[in-house]
Amino acid sequence: MYARSTTIRGNPQSIDAGTDYVRDEMMPAVRGMDGCVGLSMLADRESGTCIVTTSWRDRESMQASAEGVRPMRDRAIQVFGGAEYEVHEWEVSAMHRRHEAHHGACARVTWIRGEPDAMERAIDAFRISLMPRLDDLAGFCSVSLMTHPAEGMAVSAVTYDSREDMVENRESARALREDFATGMGLAVTDVREFDLVLAHLRVPETA
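Heads up: the sequence shown at position 186 corresponds to 185 in numbering that gives the first Met the number 0, and the numbers run straight through without jumps.
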């Protein structure tokens with residue numbers, strides 16, 4: 000499984016309009032493309048930052064969709080009032096769900112960098128040692144890991160049933176994150192918290 004994420008730094012006042020566009024126009028069009036599995040959207044209403052992620056059956060389907068997705072992405076950036084954006088393509092290396100996300104769910108996203116040669120070992124350790132410990136956190140809903148091994152890049156998203164659960168687990172999650180990164184020789188480059196406003200990524204369990 001593969002995924003493409005678009006991070007838009009938009010206007011906080013445009014979050015609702017952008018969400019409507021992604022849900023009502025972009026999502027049906029993208030999900031109609033060959034090989035598309037689903038779409039999700041995260042939003043930080045304070046900063047205006049949003050992450051729209053599409054999931055794909057294989058790398059070929061993801062790459063073949065690039066030109067078809069481009070005009071919709073450009074339109075989304077306009078609707079969100081975004082001047083800056085980033086697009087990344089990933090391999091979905093791990094996915095575990097306790098249950099499907101419901102209304103009010105939130106996600107903590109962590110960006111990681113390491114040596115490309117060490118990525119395979121880090122992915123195995125994430126699946127074997129870190130994921131079961133995350134599953135024990137109160138309000139845990141799901142966790143995913145997406146990687147770009149050749150560049151030594153990875154991003155994980157841990158979803159909680161509510162913002163209250165996510166806030167309650169900040170220190171426990173921080174300790175787990177730092178312990179894992181230190182043990183694997185990885186650098187945590189950013190950590191952010193979002194509302195999960197659209198949850199239709201449909202990536203199958205891999206753990």
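Glycine included, C-beta positions come from ideal geometry on N, C-alpha and C.
Query: Closest by C-alpha distance to R162, when choosing among M32, G138 and P148; Result: G138
Query: Residues that M26 bridges to, as DSSP identifies them; Result: Looking at the DSSP assignment, M26 forms no beta bridge with any residue, so it has no partner.
Query: For M40: DSSP bridge partner residues; Result: V51 and L197
Query: Whole-angstrom C-beta distance between R8 and G67, which should lie under 8 Å; Result: About 24 Å; that fails the 8 Å criterion.
Query: Touching by the beta-carbon criterion (3+ pairs, under 8 Å), the segment 21–37 and the segment 99–110; Result: no
Query: Sheet register partners of H102 (DSSP bridge); Result: DSSP lists no partner for H102.
Query: Whole-number beta carbon distance between T53 and A2, since they are thought to touch under 8 Å; Result: 7 Å
Query: Sheet register partners of R112 (DSSP bridge); Result: M152 and A186
Query: CA nearest to the CA of H95, picked from M145, E192 and T5; Result: M145
Query: Supposed contact pair I111 and L185 - C-beta distance, whole angstroms, cut 8 Å; Result: 5 Å
Query: I76 versus F179: straight-line alpha-carbon distance, rounded; Result: 35 Å
Query: Assigned secondary structure, E59 (DSSP; H/G/I helix, E/B strand, else coil); Result: helix
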